[in-house]
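A short worksheet on the structure shown next.
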Amino acid sequence: MSAIPLNKVQAKLPELIHALAPGEQMTITENGSPITQLVSVQSPPPRRKLGSMRGTVIYMAPDFDDPLAG
């Protein structure tokens, strides 16, 4: 987490936002005291598509359907 004074943020806000890595935080200070935080949002994982695994090889043991021992 890094800190930056408010007077520097006003001129560079777009640059600061794009420089944050996903999940990273930056504290904005005024007269040395923290006043707010910028937090970069993590993008959600891509959604899986129905049928995207079609045609792939899936291995099942020959005894898959046999009754369980016990």
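Quick note, in the numbering used here, the sequence shown goes up one by one and the last residue is 73.
Just so it is clear, CB atoms sit at the ideal spot from N, CA and C, and this is done for glycine as well.
A quick note: this is a predicted structure, and the numbers were derived from the prediction, not measured.
query                                                                                               : result
Within 8 Å, strictly: CB atoms of Pro-17 and Ser-43                                                 : no
Residues that Pro-8 bridges to, as DSSP identifies them                                             : Thr-32
Close Cβ partners of Gln-45 (< 8 Å) along its chain, the five nearest in sequence each way excluded : Pro-25, Gly-26
Inside the segment 22-67 only - beta strand (DSSP E) runs reaching at least 3 residues              : 28-33, 36-42
Selected residue, minimal CA-CA separation from Ser-5, among Tyr-62, Pro-37, Pro-65                 : Pro-37
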